[in-house]
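To start, the structure itself, in structure tokens.
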Amino acid sequence: MTNKLNSAINFAHENENRFRDELIELVRIPSVSTDVEHKGDMQKAAEYLANKLKGIGMNNVSIMPTGGHPVVYADFLTAGDDKPTVVIYGHYDVQPTDPIELWESDPFAAEIRDGKLFGRGTSDMKGQVMASIHAVEAWMKQGGMPINIKWLLEGEEEIGSPSLGKFIENNKDLFACDFALNPDGGILAEDLPTIPYSLRGLAYLELTLFGPAGDLHSGQFGGAVLNPANELARLIGGMHDENGRITLPNFYDSVVELDDEERKELARLPQDEAFYLEQTGSPKLWGEKGYTPVEHTGGRPTLDVNGLLSGFTGEGSKTVLPAKAMAKISMRLVANQDPIQVKKQLIQYIEENIRPGVTWTLDEHTGAKPSLTSRDSDGVKALAKAMETVWDVRPLYYRVGGSIPVVGQMMEILGVDSVMTGFGLPDDNLHAPNEKLTLGPWYKGIDTLIHFFANLVAN
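Quick note: the sequence shown uses this note's numbering, first residue 20, plus one each step.
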């Protein structure tokens, strides 16, 4: 194994320029999933990846239809039944390029400047997909993979993966595995390898209060008719107490608390109060008492108003008593919380606190379950050892404040955890103009994955 591992690493180093050029080829395909005009490009990107997987020796390569853009599947299952089987996840779709005038170069030209590859999808996540493919290729050149692998490369992540859950459900046997590898992440700095092991879930809801049949004159009717905007503001104001805790009934009952060991690990992250103040431009931080900012953003649930709409919002004045008021509300959830359950808790809060004089509706937009992978799992330990070998420093562990629906779907449908990684940087401008991928950490990422596959067998 050691000789093959060394040979695989040498192969990767010898082929770095080719690896980079193949990534450039993929980035130059404008696979924007939100735009119907790019439907042909979506198919082209899927075909590019399918051909690449065939070229490195994968079996059963297939472009599989879904309700939307296709999934690319492939496998290599010759390592033996006693070896782990891992599903490697990725997505080949990218965000739109707006505002195009802020790009310093064509977003699909894939230009290299100062050791960085600029272009839409370089970091999110075509670079991570190709790093995985190149790491597997390096092992295939040694006669095969030390583990069994399956590929699941989708084309709808940037639009919320609307087809993926049903697709996985319909192909449960095909994707049976021990765990999934999800490289749709990143590291905190070029010299700080990091492992995300938790994702917050999401419940996104729209609350609308209805009062009078139409807008009224506030002088003629104000004080006699309950103003739905006032009532909505009162309800929202009561959703947190003076300590920053959410007041929905039984909201914290299922929350998994951070233990002392985990809090010490999170404290290693270079993200203190000064960091958050600098990153946000806020005059002062706020949050649930008893927790640090890094604990707030990954380890605690939240309730935030994302938008408000009511009454007259144009220039000047108009003394209107509005007929309705609307708030878009998102709740970020932590391990063991469920989007359906927290919606019920919000309904109970409204029912217990709303006053007569208005009616209301609560519409659900999207939801995702949270995930928490044990830092002591074989997959995470194999990744940590690989990062320490390549970077020569013990990796940091962190909780991600956002949501990746496929991680929850893998757990719910297949019953497996996901080992998360990735080799982009915080300043990669994901979803923004001038997205880029720094090539140095990307090459190290390929080496890391080569070691990771070997460590899974050693463990």
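Beta carbons: idealized from backbone N, C-alpha and C, even for Gly. Everything numeric in this text was worked out from a predicted model, so none of it was measured.
Three-way DSSP call (helix, strand, coil) for residue i in this model
i	result
residue 183	helix
residue 277	coil
residue 348	strand
residue 355	coil
residue 470	helix
residue 299	helix
residue 47	coil
residue 447	coil
residue 377	coil
residue 271	coil
residue 119	helix
residue 422	coil
residue 175	coil
residue 190	coil
residue 236	strand
residue 224	strand
residue 144	helix
residue 311	coil
residue 20	coil
residue 151	helix
residue 475	helix
residue 57	helix
Opposing strand residues paired with residue i [DSSP bridges]
i	result
residue 390	218
residue 455	137
residue 105	168 and 198
residue 78	94
residue 306	According to DSSP, residue 306 bridges with nothing at all.
residue 130	137
residue 67	The partner list for residue 67 (beta bridge, DSSP) is empty, contrary to what the question assumes.
residue 265	259
residue 343	229
residue 336	Paired residues: none, contrary to the question.
residue 438	200
residue 208	211
Contact check, residue i vs residue j, beta carbons under 9 Å
i	j	result
residue 150	residue 468	yes
residue 172	residue 90	yes
residue 288	residue 415	yes
residue 458	residue 131	yes
residue 285	residue 437	no
residue 224	residue 422	no
residue 232	residue 329	no
residue 256	residue 305	no
residue 78	residue 94	yes
residue 140	residue 128	no
residue 106	residue 166	no
residue 258	residue 267	yes
residue 216	residue 92	no
residue 226	residue 402	no
residue 351	residue 300	no
residue 357	residue 237	no
residue 313	residue 291	yes
residue 181	residue 246	no
residue 156	residue 75	yes
residue 41	residue 71	yes
residue 471	residue 98	no
residue 212	residue 452	no
residue 353	residue 318	yes
residue 234	residue 361	no
residue 447	residue 456	yes
residue 270	residue 160	no
Residue from the options whose Cα sits closest to the Cα of residue i
i	options	result
residue 22	129, 85, 162 and 168	162
residue 67	47, 55, 84 and 79	47
residue 370	117, 159, 41 and 254	254
residue 190	339, 169, 201 and 99	169
residue 32	400, 115 and 461	461
residue 65	76, 75, 49 and 56	49
residue 126	115, 229 and 471	115
residue 498	269, 73 and 214	What the structure shows of the chain is the stretch from 20 to 478, and residue 498 is not part of that stretch, so it cannot be assessed.
residue 382	346, 36 and 220	346
residue 499	466, 476 and 477	The structure shown does not extend to residue 499, since the chain spans only 20 to 478, so no value can be given for it.
residue 308	344, 283 and 260	260
residue 399	198, 61, 164 and 339	198
residue 406	464, 244 and 362	464
residue 62	82, 73, 44 and 43	82
residue 404	134, 474, 52 and 239	474
Assess contact between the stretch 439-456 and the stretch 197-208, defined as three or more Cβ pairs (one per stretch) separated by less than 8 Å. Is contact present? yes
Given 8 Å, three or more beta-carbon pairs between the stretch 107-117 and the stretch 176-193: yes
Would you call the stretch 408-427 and the stretch 381-400 touching, i.e. three or more CB-CB distances under 8 Å? yes
Mind the definition here: the stretch 140-149 touches the stretch 80-97 only if three or more C-beta pairs lie below 8 Å; say whether that holds. no
Below 8 Å, how does it come out for the stretch 400-411 and the stretch 356-374: are there three or more Cβ pairs, yes or no? no
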